[in-house]
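Undergrad: First, the structure itself, so that you have it in front of you.
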Amino acid sequence: MRSLLILKDLWDTMHEDIPPVVHAEQRGVWNKKQEDAHSLIHLSCERDQARLCANARTGIQAWEILSARYASNNITNVMRLEEAFGQARKSREQNMEQCIGQVSALATQLNSVGVEVSDNRIAHRILNGLGQEFMN
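Take any residue in the sequence shown, note its place counting from 1, add 249, and you have its number in this note's numbering.
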């Protein structure tokens with residue numbers, strides 16, 4: 250979301266509700282950017298997220314509501330993903346491609362929340378999760 254707001258040149262409005270300008274023309278530009286940011290955030294949300302920020306009147310209010318909600322879950326989410334990654338194993342029902350896909354997907358999810366997962370760590374997890382049939 251932050252990247253999209255930056256791309257649309259709206260990120261600067263996410264820091265203050267009141268524009269740092271005095272002239273009416275500049276205030277009008279600021280207000281329009283706030284409206285655009287609010288609309289962009291609202292339109293980019295899933296239904297449950299949109300409900301959370303339904304009462305937000307500005308982009309910054311919507312941003313703060315969503316940030317507070319998801320920042321508190323970030324540590325929990327990272328811990329859950331780390332645990333799933335550490336316990337990933339090839340099941341009897343999986344072929345090798347599915348096992349590699351499972352570990353790769355978990356690594357991608359960890360990377361997306363800011364945890365760098367190296368190729369060596371991925372390879373290590375895959376090899377350690379293969380089971381007895383691959384020990385020879």
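Idealized CB from N, CA, C, for every residue including glycine.
Cα-Cα, which of Leu259, Leu292, Cys294 and Arg296 is closest to Trp279?
TA: For the purposes of this step, residue 279 is taken as the residue at position 30 of the sequence shown. The residue with the shortest Cα to Cα distance from Trp279 is Leu259.
Undergrad: Name the two residues that bound the continuous alpha helix (DSSP H) containing Lys281.
TA: Taking the sequence shown and counting its residues from 1, the one referred to as residue 281 is at position 32. Ala273 to Ser293 is the span of the alpha helix (DSSP H), which, as asked, contains Lys281.
Undergrad: Out of Glu274, Gly277, Arg276 and Asp285, which has the shortest C-alpha to C-alpha gap to Leu256?
TA: Residue numbering aside, residue 256 sits at position 7 when the sequence shown is read from its first letter. Closest option to Leu256, Cα to Cα, is Asp285.
Undergrad: How long is the line joining the alpha carbons of Ala417 and Glu313, rounded to whole angstroms?
TA: An answer regarding residue 417 cannot be provided, because it is not within the stretch 250 to 385 covered by the chain.
Undergrad: Following the continuous alpha helix (DSSP H) through Arg251, name the residue where it begins and the one where it ends.
TA: Translated into the one-based positions of the sequence shown, residue 251 becomes position 2. Unbroken alpha helix (DSSP H) run through Arg251: Arg251 to Leu256.
Undergrad: Mapping the DSSP letters down to three states, classify Val352 as helix, strand or coil.
TA: On the sequence shown, position 103 is the one that residue 352 refers to. The answer is helix: DSSP assigns Val352 an H, G or I state.
Undergrad: Can you tell me whether Ser321 is helix, strand or coil according to DSSP?
TA: Here residue 321 corresponds to residue number 72 of the sequence shown, with the count starting at 1. Any reading at Ser321 is ruled out, since the residue's pLDDT is 49, under 50, leaving its predicted position unreliable.
Undergrad: If the criterion is Cβ atoms closer than 9 Å, does the pair Arg318 and Leu301 meet it?
TA: Translated into the one-based positions of the sequence shown, residue 318 becomes position 69. Translated into the one-based positions of the sequence shown, residue 301 becomes position 52. Yes.
Undergrad: So, are the CB atoms of Ile324 and Cys348 less than 9 Å apart?
TA: Against the sequence shown, residue 324 aligns to sequence position 75. Against the sequence shown, residue 348 aligns to sequence position 99. No, these two residues do not count as a Cβ contact at 9 Å.
Undergrad: In whole angstroms, give me the CA-to-CA distance for Lys353 and Gly380.
TA: By one-based count along the sequence shown, residue 353 stands at place 104. By one-based count along the sequence shown, residue 380 stands at place 131. The sequence shown places Ser at residue 353, rather than the Lys named in the question. Each residue's alpha carbon lies about 18 Å from the other.
Undergrad: Please name the residue in Phe383, Met384, Arg251 and Glu382 whose C-alpha comes closest to that of Leu315.
TA: To locate residue 315, count along the sequence shown from 1; it is residue 66. Residue Arg251 is the option with its Cα nearest to Leu315.
Undergrad: Run through DSSP, which three-state label would Ala303 get?
TA: The residue you call residue 303 lines up with position 54 of the sequence shown. DSSP places Ala303 in coil when its eight states are reduced to three.
Undergrad: Whole angstroms is fine: what's the gap from Lys282's alpha carbon to Ser293's?
TA: To locate residue 282, count along the sequence shown from 1; it is residue 33. To locate residue 293, count along the sequence shown from 1; it is residue 44. Their backbone Cα atoms lie some 16 Å apart in a straight line.
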